[in-house]
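**Q** Numbered according to the numbering used here, the sequence shown spans residues 610 to 782. Cβ coordinates follow ideal geometry from the N, Cα and C atoms, glycine included.
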Amino acid sequence: MKSMVDLSHEFLLPALHSQAICIDATLGHGKDATFFLEQGVHKVYGFEIQEEIGRETENKIHNSRLHVLLKGHEHLDCISEDIDAIIFNFGYCPHGNKAITTLANTSLTAVQKGLNLLKRRGRMALVFYPHEKGLEEAQVIQDYLESLSGFEMIQMKKLGQENVPFLIGIEKR
């Protein structure tokens, strides 16, 4: 069975094209940014709060279409362009400091700002990983999303298992 990251990439594909501008809101080691770049998009912004990881990823990918921003994703509004696709992987950076995690309040702010940046038919993928604060974070964001209109949303998760990653896909109408 495919991972939630792979499913999130499949969900985002219809929004990607040669002029697309995308955001990897949780850059980490750059798996999602690399996916965007492999699709031939015009530009990718990657947000990373851990400077060392951000610099390593920037050097590893080394692509002029990737713009690494060493700041939290709650600052998405520093981008003034309309966005075609945004991805979040909430939790902590694999092989990084597991004490540094995404937080409910800043993640909610980032999702709100990201939804405002999306073009019509733009897509956002939210992948949640259960960690100590992860369930609270997921609930806060889900509660907010359920109050919205003007978006189509889906949720995917494996059934019959506790504390598994899950995906919420959003398309702006």
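Under the assumption that residue 734 contacts residue 778 (Cβ atoms under 8 Å), give the Cβ distance between them as a whole number of angstroms.
**A** Residue 734 to residue 778, Cβ: 6 Å. Contact.
**Q** Look up residue 611 in the DSSP assignment and say whether it is helix, strand or coil.
**A** Residue state, collapsed to three classes: coil.
**Q** Which ranges does the alpha helix (DSSP H) cover as unbroken runs of at least 4 residues, wholly within the stretch 716-760, from first to last along the chain?
**A** Those alpha helix (DSSP H) runs which fall completely within the stretch 716-760 and span 4+ residues are 743-755.
**Q** Within the same chain, show all residues whose beta-carbon is closer than 8 Å to that of residue 636, passing over the 5 residues directly before and after it, in chain order.
**A** So the list reads 642, 655, 656, 657, 662, 663, 666 and 677, once near-sequence residues are dropped.
**Q** How would you label residue 698, buried or exposed, when you count the other beta carbons within 10 angstroms and need 16 or more for buried?
**A** Per the 10 Å Cβ criterion, buried.
**Q** Between which two residues does the alpha helix (DSSP H) carrying residue 670 extend?
**A** Run containing residue 670: 660-670, per the alpha helix (DSSP H) assignment.
**Q** For the beta strand (DSSP E) that residue 787 lies in, which residues bound it at each end?
**A** Since the first residue shown for the chain is 610 and the last is 782, residue 787 is missing from the structure and cannot be characterised.
**Q** Verify the contact flag: residue 743, CB atom, against every heavy atom of the ligand NAP, threshold strictly below 7 Å.
**A** Annotation note on the ligand NAP: not contained in the displayed structure, which lists no ligands.
**Q** Is the beta carbon of residue 727 sitting closer than 8 Å to the one on residue 763?
**A** Cβ atoms of residue 727 and residue 763: not closer than 8 Å.
**Q** Please look up how many angstroms separate the CB atoms of residue 616 and residue 754, rounded, as I've assumed it's under 8 Å.
**A** Actually they are not in contact, since the Cβ atoms of residue 616 and residue 754 sit about 18 Å apart, beyond 8 Å.
**Q** Considering only the beta carbon of each residue, do residue 757 and residue 694 sit closer than 8 Å?
**A** It is not a contact, given that the beta carbons lie outside the stated cut-off.
**Q** Would you kindly work out how many angstroms separate the C-alpha atoms of residue 771 and residue 739, rounded to a whole number?
**A** Distance between the alpha carbons of residue 771 and residue 739 is about 9 Å.
**Q** Looking only at DSSP bridge pairs, what is residue 776 linked to?
**A** Beta-bridge pairing links residue 776 to 736 and 765.
**Q** Keeping to the same chain, check which residues put their C-beta closer than 6 Å to that of residue 780; ignore five residues upstream and five downstream.
**A** So the list reads 732 and 761, once near-sequence residues are dropped.
**Q** Determine the burial state of residue 618: buried for a count of at least 16 other Cβ atoms within 10 Å of its Cβ, exposed for fewer.
**A** By the 10 Å Cβ count, residue 618 comes out buried.
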